[in-house]
Ligand SMILES: [Mg+2]
C-alpha cells in the first residue's frame, strides 16, 4: 500500500569525455566522496518520497547489479531499486521507451551524471494542465558557453537553443524532469535522444513547462567537474534541519489523533514545511505517541497517518524527510510498550537519532514545539528550541530561522 512515487534515473550513457575513467565504469558509478555518484541521487529522491527507483542502464549495465548493495546502503530500507537494461544503445529517450511498461502515469526523471539541488516535489506539484507532457527544472547560469539554453516564457519552455561559444547568461536544462508517461508516444523507434530530439519538439508544441531554481547544480561529465564534485557534493548534503513537534504544531492537538479525519492542519503549517524544503533544510517530525502504549491505536496506524500527511503535503510541493515517534509510556496498558524511554520527550532520543543518521548542520538547526517538554528535548540534544503559542506557523518558523515573514 505504501508504494510511494517513482523516480527513473538515466544511467546508460557512455561518458566518453572522461576518457579512461569511464573505460570500465559507467559515469554514474564513479566514486564521489567515497561512494557511487548515483547513490546521492537515490538518497535525495528517496527522502522526497520517491521510494521506487528505476535505473535505465546500458553501458556496463552489469556493474549496477554488482553495486546494488552499495546503492541500498545509502538509501532508506524501504526503497525499491530495480534495473532495466536496453538491449542495444537506444539513447536517453529510446531507453525510456524501452522501459515504457514499467513507467508510472507520472514519474520523476533524473540524469544520472548530474545533481541539481532542488525541491523535487515543488517541480512535481500540481496543477498539471491537460496537454502538458513534462516540466523541466531550469537553472539560471551566468556563462552558458558550455550548455545549450532554453527560451522560457509564462512558465513554458518554448524552444531549445543550441550551444554557442558566447559567455552569455541564460537558463539551462537542469537534468531533472517531471514527466507524463504520454511522452512515450512522442518517441520514435531506434536511437532517440531526449534532449536533442524529443524535448525540442514538445517545447514548440506547447507541451513543456519549466520551473526556475537558482540552486546548486553540478554535472560530473568533465574531469574538472568530477574533481569539484568530490568535496562539493558531500558538502551540499550537509544541511540545517527543522524538527517539528506534530500535535499542536503541524496539526491541531485533539488528543491522540491517529486517523486522517482527525487532522486539521495548523494555519500556515503546510507552507512552513514547504518553505524549509525549498530552502534546502531537512524537515523532520518528532512526536510522542503514548497512545500506542495506552492501547488506543497501533504503530501501523501512526505510520499510515504519517504516510497520509506526506501525501497531503506533496499536493503543495512539501514533504517531511523522516517521522520519528515514540510509542512508549511508563504507565501504558500494552506490555510491549510500557516502559520509560530515552525517546520520549523531554528525553532527546528521537532528535539525537536523527542527528546521528543524517548529515545535519547542528548550529543552524532548531525545533518548534508547543510544550516545555519539546523545548527541553531540543536543549538536551544541543539544538535550539522555540515555543509556539499560536498564530501562522509559516511566519513563526521563518522568524525562528531568521528569514523574513511572508
Ligand atoms: Mg505538541
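Numbering (the numbering used here), first residue to last: 2 to 407. Backbone N, C-alpha and C fix where the C-beta goes; we use that ideal spot for every residue, glycine too. These numbers were taken from a predicted model, which means no experiment stands behind them.
Buried or exposed by the 16-neighbour rule on C-beta atoms within 10 Å, applied to residue i
i: residue 167; result: exposed
i: residue 389; result: buried
i: residue 311; result: buried
i: residue 25; result: exposed
i: residue 67; result: exposed
i: residue 358; result: exposed
i: residue 79; result: exposed
i: residue 337; result: exposed
i: residue 395; result: buried
i: residue 2; result: Low confidence applies to residue 2: its pLDDT is 36, below 50, so where it sits in the model is not reliable enough to give any reading.
i: residue 224; result: exposed
i: residue 443; result: Because residue 443 is not part of the residues shown, which for the chain are 2 to 407, the question remains open.
i: residue 403; result: exposed
i: residue 37; result: buried
i: residue 27; result: buried
i: residue 234; result: buried
i: residue 165; result: exposed
i: residue 362; result: exposed
i: residue 370; result: buried
i: residue 258; result: buried
i: residue 87; result: buried
i: residue 304; result: exposed
i: residue 17; result: exposed
i: residue 255; result: exposed
i: residue 5; result: buried
i: residue 364; result: exposed
i: residue 69; result: exposed
i: residue 7; result: buried
i: residue 1; result: No statement about residue 1 is possible, as the shown extent of the chain runs from 2 to 407 and does not include it.
i: residue 239; result: exposed
i: residue 132; result: exposed
Residue of the options minimising C-alpha distance to residue i
i: residue 236; options: 31, 217, 212, 245; result: 217
i: residue 99; options: 58, 67, 124, 117; result: 58
i: residue 213; options: 141, 160, 203; result: 141
i: residue 137; options: 378, 395, 158, 56; result: 158
i: residue 35; options: 149, 72, 55, 10; result: 72
i: residue 271; options: 288, 262, 253; result: 253
i: residue 354; options: 40, 379, 365; result: 379
i: residue 45; options: 309, 172, 228, 121; result: 121
i: residue 134; options: 289, 39, 202, 123; result: 202
i: residue 85; options: 74, 54, 114; result: 54
i: residue 344; options: 401, 286, 366; result: 286
i: residue 185; options: 276, 96, 279; result: 96
i: residue 175; options: 56, 284, 16, 211; result: 211
i: residue 52; options: 407, 383, 323, 364; result: 323
i: residue 148; options: 161, 154, 156; result: 161
i: residue 290; options: 366, 325, 106, 131; result: 325
Extent of the continuous beta strand (DSSP E) run through residue i
i: residue 293; result: Careful: residue 293 lies outside any beta strand (DSSP E), inside the alpha helix (DSSP H) at 291-294.
i: residue 115; result: 115-117
i: residue 280; result: That residue, residue 280, is in no beta strand (DSSP E); it is neither H nor E in DSSP.
i: residue 64; result: Premise fails: residue 64 lies in the alpha helix (DSSP H), 63-67, not in any beta strand (DSSP E).
i: residue 107; result: 107-112
i: residue 385; result: 385-388
i: residue 81; result: 81-86
i: residue 52; result: 51-58
i: residue 6; result: 6-11
i: residue 369; result: 367-370
i: residue 258; result: Run containing residue 258: none; DSSP gives neither H nor E here.
i: residue 243; result: 242-245
Where the alpha helix (DSSP H) containing residue i begins and where it ends
i: residue 41; result: 38-48
i: residue 407; result: Careful: residue 407 lies outside any alpha helix (DSSP H) and carries neither H nor E.
i: residue 93; result: 92-99
i: residue 125; result: 121-125
i: residue 234; result: 224-238
i: residue 304; result: 300-315
i: residue 350; result: 350-358
i: residue 327; result: Segment 323-327 is the beta strand (DSSP E) holding residue 327; no alpha helix (DSSP H) there.
i: residue 26; result: Residue 26 -> no alpha helix (DSSP H), and no H or E assigned at all.
i: residue 397; result: 394-401
i: residue 378; result: 373-382
Residue i beta carbon near ligand 3 (any heavy atom closer than 6 Å)
i: residue 398; result: The model on display carries ligand 1 but not ligand 3.
Interface flag, residue i vs chain B, CB-CB below 7 Å
i: residue 64; result: Absent from the structure is chain B; it holds one protein chain and no more.
### Task
Pull every residue with its beta-carbon under 5 Å away from any heavy atom of ligand 1, and keep them in chain order.
Any residue whose Cβ sits closer than 5 Å to a heavy atom of ligand 1 makes the list: 246, 248, 249, 371.
### Query
Fully enclosed by the region 133-179, which beta strand (DSSP E) runs are 3 residues long or longer?
With a minimum length of 3 residues, the continuous beta strand (DSSP E) runs that stay inside the region 133-179 are 135-142, 150-154, 157-162.
### Message
Extract the residue ranges of the alpha helix (DSSP H) inside the region 181-219, only unbroken runs of 4 or more that lie entirely within it.
### Response
List check, alpha helix (DSSP H) in window: 200-205.
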